Amino acid sequence: MSRTGIFGGSFDPVHLGHTGIARAAADAAALDEVLFVPAGISPFKAARGARAPGRDRLEMVRLACACDARFVPCDIELRRGGVSWTVDTVREIAASRPGDSLHFIMGEDSLPSLGAWREAQALFRMVEFLVLERPGCACAVAPQGARVTRFRGNPAAVSSTEIRRRAAAGMDLSGLVAPEVAAYIAARGLYAAGG
Ligand code: ATP
Numbered sequence: 002m003s004r005t006g007i008f009g010g011s012f013d014p015v016h017l018g019h020t021g022i023a024r025a026a027a028d029a030a031a032l033d034e035v036l037f038v039p040a041g042i043s044p045f046k047a048a049r050g051a052r053a054p055g056r057d058r059l060e061m062v063r064l065a066c067a068c069d070a071r072f073v074p075c076d077i078e079l080r081r082g083g084v085s086w087t088v089d090t091v092r093e094i095a096a097s098r099p100g101d102s103l104h105f106i107m108g109e110d111s112l113p114s115l116g117a118w119r120e121a122q123a124l125f126r127m128v129e130f131l132v133l134e135r136p137g138c139a140c141a142v143a144p145q146g147a148r149v150t151r152f153r154g155n156p157a158a159v160s161s162t163e164i165r166r167r168a169a170a171g172m173d174l175s176g177l178v179a180p181e182v183a184a185y186i187a188a189r190g191l192y193a194a195g196g
């Protein structure tokens, strides 16, 4: 029986903000491990799709996970393909880990929409939500039925969008992504202008 964190995202690419929030959540909630789950197709980004193929996003997650022994790459959404619904992912994880307590990590920006997620009430029964509290941010209200625990952290102010923009401009990515991830992006020519 383990305390398992689930951290989903496009991870296009995974960056130091992601590893920062995962580490802060793992520390705050005494998680034994954090599963990093790259989305097949994010329900929120389906219109534009991912910029890098799933296998590259997963490989970058693998490289980034080396920074903390609790971090584990998880390819279930990529294997399943199509739009990634969190409730399906959590069901699959719960079935493969009976007895584990499941904790879904997310930024406060996602909290207001949570009640509209697919099969929200079923999801709320399976996981506790660990929500990163932003200093100075008006706290969003948790939807009815959701178990929410807030934690503090100071993750890097960085986004995948900014990293893709910098990579396309041939700019240095150090301080934004792990060095191994920066090397992978360069070697594979990911996010190159016109790519
Ligand atoms: P994009 O710029 O492409 O929209 P992103 O940087 O927001 O991407 P996602 O993969 O969409 O990255 O994020 C996955 C999760 O990580 C979301 O819950 C998001 O709130 C959180 N997150 C993203 N960037 C940060 C950050 N710098 N600090 C803390 N949490 C973050």
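Residue 2 is where the sequence shown starts when you use this note's numbering, and the numbers rise one by one after that.
Each residue gets a CB set at the ideal place from its N, CA and C atoms; glycine is no exception.
Note that the structure is predicted; figures quoted are calculated from it, not measured.
Here Gly146 carries a coil assignment [DSSP, helix/strand/coil]. By the Cβ-count criterion, Arg153 is exposed, with fewer than 16 other Cβ atoms from all chains shown falling within 10 Å of its own Cβ.
Sequence-distant partners of Phe12 (beyond 5 residues in either direction) whose C-beta falls short of 6 Å from its own C-beta, in its chain, are Pro39, Arg58 and Val62. Considered as a whole, the stretch 91-129 harbours 102-108 as its complete beta strand (DSSP E) runs of no fewer than 3 residues, in chain order. Under the three-state reduction of DSSP output, Val182 falls in the helix class. Counting only the Cα atoms, Ile106 lies some 7 Å from Ala26.
Of the heavy atoms belonging to the ligand ATP, none sits nearer than 7 Å to the Cβ of Thr87. The ligand ATP has no heavy atom closer than 7 Å to the beta-carbon of Gly82.
Its Cα nearest to that of Ile77, the residue Gly55 stands out among Asp69, Arg71 and Gly55. Leu17: member of the alpha helix (DSSP H) spanning Leu17 to Ala29, first to last residue. Separation of Val88 and Asp33 (C-alpha to C-alpha, rounded to the nearest whole angstrom) is 22 Å.
Remark: the C-beta of His16 is in contact range of the ligand ATP, defined as less than 7 Å to any heavy atom. About 6 Å separates the beta carbon of Val178 from that of Pro14, a gap short enough to meet the 8 Å contact definition. It is roughly 25 Å from the alpha-carbon of Cys140 to the alpha-carbon of Ser102. Annotated three-state conformation of Leu191 is coil, per DSSP. Between Cys68 and Phe37, the C-beta gap is not smaller than 8 Å, which leaves the two residues out of contact. For Ser160, the shortest C-beta to heavy atom distance toward the ligand ATP is below 7 Å. About 10 Å separates the Cβ atoms of His19 and Gly9, ruling out a contact at the 8 Å cut-off.
Counting only residues of its own chain and dropping the five nearest sequence neighbours on each side, Glu134 has a CB closer than 6 Å to the CB of Arg151 and Arg153. Rounded to the nearest whole angstrom, the C-alpha separation of Leu115 and Gly21 is 22 Å.
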